[in-house]
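Asker:
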Amino acid sequence: MRALKRDAALDGIRALAALGVWLLHVASNTGVMYGEGMYAWLLSRLGMAVPVFFLLSGLLLYRPWAKAAVEGTPRPAAGLYLWRRALRVLPVYWLVVSLALWAWTPLDWTGWVVWLLLLQNYVPGMNSAEGLYQMWTLPIEMAFYLVLPMLAWALHRWAVRGGDRGGNVPVRLLGGIAVLPVVSVATVVASRVLEMPQLALWLPYHLVYFACGMAMAVLSVWLGGSRVIGSLAPQLLVLAFLLYAVLSTPLAGPRTLTLPTLGESLLRVTLEAAVAVLVVAPFALAPDPGSLRHRLIGNPVAAYLGRISYSFFLWHAPVITVHRQITGDPPFTGDFVSLAVVSFIVSLLLSVASYHLIEHVALTLGRRRSAPARPPESPAPQPVAPAA
1 MRALKRDAAL DGIRALAALG VWLLHVASNT GVMYGEGMYA WLLSRLGMAV PVFFLLSGLL
61 LYRPWAKAAV EGTPRPAAGL YLWRRALRVL PVYWLVVSLA LWAWTPLDWT GWVVWLLLLQ
121 NYVPGMNSAE GLYQMWTLPI EMAFYLVLPM LAWALHRWAV RGGDRGGNVP VRLLGGIAVL
181 PVVSVATVVA SRVLEMPQLA LWLPYHLVYF ACGMAMAVLS VWLGGSRVIG SLAPQLLVLA
241 FLLYAVLSTP LAGPRTLTLP TLGESLLRVT LEAAVAVLVV APFALAPDPG SLRHRLIGNP
301 VAAYLGRISY SFFLWHAPVI TVHRQITGDP PFTGDFVSLA VVSFIVSLLL SVASYHLIEH
361 VALTLGRRRS APARPPESPA PQPVAPAA
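Number 115 in the UniProt record's numbering belongs to position 115 of the sequence shown; there are no gaps in the numbering.
1) Note down, in chain order, each residue of its chain lying with its Cβ closer than 8 Å to the Cβ of W136, except the 5 sequence neighbours on either side.
2) For the putative contact between S343 and L42, defined by C-beta atoms under 8 Å, what is the C-beta separation to the nearest angstrom?
3) Among residues of its own chain, excluding the 5 on either side of A362, which ones have a beta-carbon nearer than 6 Å to its beta-carbon?
4) Return the residue from the list R255, V182, L357, L199 that minimises the CA-CA distance to P124.
5) Find the nearest neighbour of E71 within the set G224, S28, I320, judged by alpha-carbon distance.
6) Please confirm whether R63 and V221 have their CB atoms less than 8 Å apart.
7) Kindly give me the distance between the Cβ atoms of L138 and L118, rounded to whole angstroms, as I take these residues to be in contact under 8 Å.
8) Just to confirm my understanding: we take V96, look at its own chain, exclude 5 residues before and 5 after, and list those with CB closer than 7 Å. What are they?
9) Using 10 angstroms around the beta-carbon of R192, count the other beta-carbons present and answer buried if the total reaches 16, otherwise exposed.
10) Express the C-alpha separation of F332 and A154 in angstroms, rounding to a whole number.
11) Taking all protein chains shown into account, do 16 or more other C-beta atoms lie within 10 angstroms of the C-beta of T327, making it buried, or fewer, making it exposed?
12) Using a Cβ-Cβ cutoff of less than 7 Å, which residues in the same chain neighbour A388 once the five nearest sequence positions on both sides are dropped?
13) Confirm, please, whether the CB-CB distance from L132 to A100 is below 8 Å.
14) Leaving out five residues before and five after V32 in sequence, what residues of the same chain have Cβ atoms less than 7 Å from its Cβ?
15) Just to confirm my understanding: we take residue 452, look at its own chain, exclude 5 residues before and 5 after, and list those with CB closer than 7 Å. What are they?
16) I'd like the span of the alpha helix (DSSP H) that includes T30, first residue to last.
17) Ignoring anything shorter than 4 residues, give me the alpha helix (DSSP H) runs that lie fully in the segment 134–192, in order along the chain.
18) Counting contacts by CB-CB distance shorter than 8 Å, is G263 in contact with chain B?
19) Sort L23, P51, I308 by Cα distance to S354 and report the nearest one.
20) Using the three-state DSSP reduction, which class does N121 fall into: helix, strand or coil?
21) Can you give me the C-alpha to C-alpha distance between residue 389 and S347, rounded to a whole angstrom?
22) Taking the alpha helix (DSSP H) that P198 belongs to, which residues open and close that run?
23) Looking only at C-alpha atoms, which of T261, T110, L236 sits nearest to L194?
24) For A211 versus G58, is the C-beta spacing smaller than 8 Å?
25) Return the Cβ separation of V246 and V188 in integer angstroms, given the expectation that the two are a contact with Cβ distance under 8 Å.
26) Just reading off the alpha helix (DSSP H) that I229 is part of, what are its end residues?
27) Along the chain, where does the alpha helix (DSSP H) containing T333 start, and where does it finish?
28) Report the option in T258, I345, A276, A217 whose CA atom is closest to the CA atom of F241.
29) Could you tell me the distance, in whole angstroms, from the CA atom of T110 to the CA atom of Q134?
30) Quick one: grab the DSSP three-state call for A385.
31) Give me the Cβ distance between A49 and V21, rounded to the nearest whole Å; I'm assuming they're in contact under 8 Å.
32) Measure the beta-carbon distance from F283 to L203 and round it to whole angstroms, keeping in mind my assumption that it falls under 8 Å.
Structural data, given as structure tokens:
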């Protein structure tokens, strides 16, 4: 299947999400987000960027399968898809994790295997290594990558059963995807009722965000560009900010690691999913490169930051840890501006290097393997002698 062209606006959203995670960790390490006032609460909810990452994964990775179901085009090859995902995620992840574990967290070989295979969320006490506190999201992403081909196959069978490729296919796809948020709600309830907070580190807890992206993928293939969404884009983005303000209140739970109540957890998941949808929908469902919103969020600088955002996400926490060790600041203290400036510059430089030297090389390798082999050229026909 032909690769989909990169969307500069979605790259820009990915850049903003990565910067949100970075700013959250600067605010938490310096204690700023635990202060008084709405500003501190707004900073404390920047973890909202993670649902945006999950939604973008659901949107971009499921879209080829949605296109295959709705338009009857060939489905992606699961093996090739998984190979590309491994090349996309693992090489630079292995580099950052190996350096951080070597520097700060002595482990035996089993601990190294757990971390290198992205299994740390499933082993009690293993996901809290120094300088790697942001890595809890990657086992969830990897679990989604592994499940997606099977999930896409089941949705395809459900949607096109009986050979029906009419208008009912996208509706049936959306109906099948609607089951996934129910799984999330059930997992949230189980984690609180059964007192199993570790469920929040597993994929079922977060399926609602991936499902929103998958539903958006179906709509983008089915409807193409939506003029309604395009005309309402400013209002949707304002509504996203207002809901984020509600999310940044005690209604959605405490700012610390204290576990929220069941009601707070459900409200938080609901608000995070709503904000993620409202932020991404104007760009994914109403693509308009000439619009002001696309020119702002998809400008060349933001788009480039989006391309290197994965490396930035990986590097920023170890850089913050090194800075704090050099300054000797006690936990939850230090100068916010100094840590922000230094960690941003160093993380950015490391991200540029690892993107071009590792990520880009790995992605190029994946594209070469996926490129179809050219059929051998037939020899030129020899001239035929005229009949006597």
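Note that CB positions come from ideal geometry on N, CA and C, so glycine has one too.
Note that this is a predicted model, so its numbers are computed, not measured.
Answerer: Answer, in terms of the structure:
1) Q120, N121, N127, L201
2) Going by Cβ atoms, the distance from S343 to L42 rounds to 20 Å, so no, they are not a contact pair.
3) L87, P91
4) L199
5) G224
6) yes
7) 6 Å
8) L314, W315, P318
9) buried
10) 47 Å
11) exposed
12) In this prediction, A388 has a pLDDT of 31, which is less than 50 and means its spatial position is unreliable; what the coordinates show is noted afterwards. Excluding sequence neighbours, A388 sits near nothing in its chain.
13) yes
14) A40, L43, F336
15) Residue 452 cannot be examined here, being either before or after the span of the chain that is shown, 1 to 388.
16) 8–30
17) 137–160, 168–177
18) Going by chain labels, chain B is absent from the structure shown, which holds only one protein chain.
19) I308
20) helix
21) Look at the range of the chain in this structure, 1 to 388, and you will see that residue 389 is not part of it.
22) The question names Pro, but residue 198 is Gln in the sequence shown. Segment: none, Q198 is in no alpha helix (DSSP H) and carries neither H nor E.
23) T261
24) yes
25) Wrong, their Cβ atoms sit about 18 Å apart, outside the cutoff.
26) 227–231
27) Here T333 belongs to no alpha helix (DSSP H), and DSSP marks it neither H nor E.
28) A276
29) 21 Å
30) Its pLDDT being 38, under 50, A385 is placed unreliably in this model, and the value from its coordinates should be taken loosely. A385 falls in the coil class under three-state DSSP.
31) 5 Å
32) Contact flag wrong, Cβ pair sits at about 25 Å.
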